[in-house]
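K.L.:
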Amino acid sequence: MNFKGFSVVEFPPVNPKVSGFVYVLCWVAGSDEVPFYVGQTTRIWGRLDDYYWAMHSACTDFRVGEAVRYLGARGYHTIVKYKSSSDPRHEESEIIKHLRSLGRNLLNDLSAYDYKKEPDESKHRLRVQNFVADKLLSVSITSQS
Numbered sequence: 115m116n117f118k119g120f121s122v123v124e125f126p127p128v129n130p131k132v133s134g135f136v137y138v139l140c141w142v143a144g145s146d147e148v149p150f151y152v153g154q155t156t157r158i159w160g161r162l163d164d165y166y167w168a169m170h171s172a173c174t175d176f177r178v179g180e181a182v183r184y185l186g187a188r189g190y191h192t193i194v195k196y197k198s199s200s201d202p203r204h205e206e207s208e209i210i211k212h213l214r215s216l217g218r219n220l221l222n223d224l225s226a227y228d229y230k231k232e233p234d235e236s237k238h239r240l241r242v243q244n245f246v247a248d249k250l251l252s253v254s255i256t257s258q259s
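If you want the numbering used here, it's the position in the sequence shown, counting the first as 1, plus 114.
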């Protein structure tokens with residue numbers, strides 16, 4: 115069997131210094147992959163599942179999940195690029211700095227909310243959708259490359 119196109123991750127990690135993962139979510143248009151969120155975690159599969167469910171009570175999960183849904187409804191699909199890391203927080207910070215230096219807008223910049231103080235899910239959904247439309251999709255693909 116040919117496993118072309120499969121991603122590979124060591125299980126369990128062979129390197130004892132590996133403490134987690136750093137990852138970048140990109141929306142795809144044609145052959146362009148446009149980064150829109152950078153994260154780090156110790157549990158990559160669980161983290162992506164959190165975004166899939168996009169629970170309003172978990173602000174980051176909701177924002178990322180809603181952004182993915184909004185992009186999908188507009189014909190863009192999302193991919194995740196990830197790698198093992200011995201210092202995921204530092205690498206996350208460096209990737210964010212680098213992407214910002216290129217003028218990229220990131221969902222990381224959308225301010226958080228406290229769902230207990232602001233329980234209106236539809237308000238937060240609209241905020242994410244407006245951010246994606248204004249900051250992410252309004253930029254031409256060619257300027258993102």
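Note that CB positions come from ideal geometry on N, CA and C, so glycine has one too.
In chain order, which continuous runs of the beta strand (DSSP E) of length 3 or greater are located wholly inside the region 117 to 186?
P.N.:
With a minimum length of 3 residues, the continuous beta strand (DSSP E) runs that stay inside the region 117 to 186 are 134 to 143 and 146 to 155.
K.L.:
Counting only the same chain and skipping the five closest in sequence on each side, list residues whose C-beta sits under 7 Å from that of residue 209.
P.N.:
136, 138 and 152
K.L.:
Consult DSSP for residue 200 and reduce its assignment to one of helix, strand or coil.
P.N.:
coil
K.L.:
Taking C-alpha atoms, which residue in 240, 129, 234 and 176 lies nearest to residue 222?
P.N.:
176
K.L.:
Do residue 250 and residue 142 have their C-beta atoms within less than 9 Å of each other?
P.N.:
no
K.L.:
Sorted by chain position, which residues of the same chain lie with C-beta nearer than 6 Å to residue 170's C-beta, five sequence neighbours on each side aside?
P.N.:
When the five nearest sequence neighbours on each side are left out, the beta carbons in the same chain lying within less than 6 Å of the beta carbon of residue 170 are those of 176, 229 and 235, in order along the chain.
K.L.:
Is there a C-beta anywhere in chain C that falls below 9 Å from the one on residue 162?
P.N.:
In the structure shown, chain C does not exist; there is a single protein chain.
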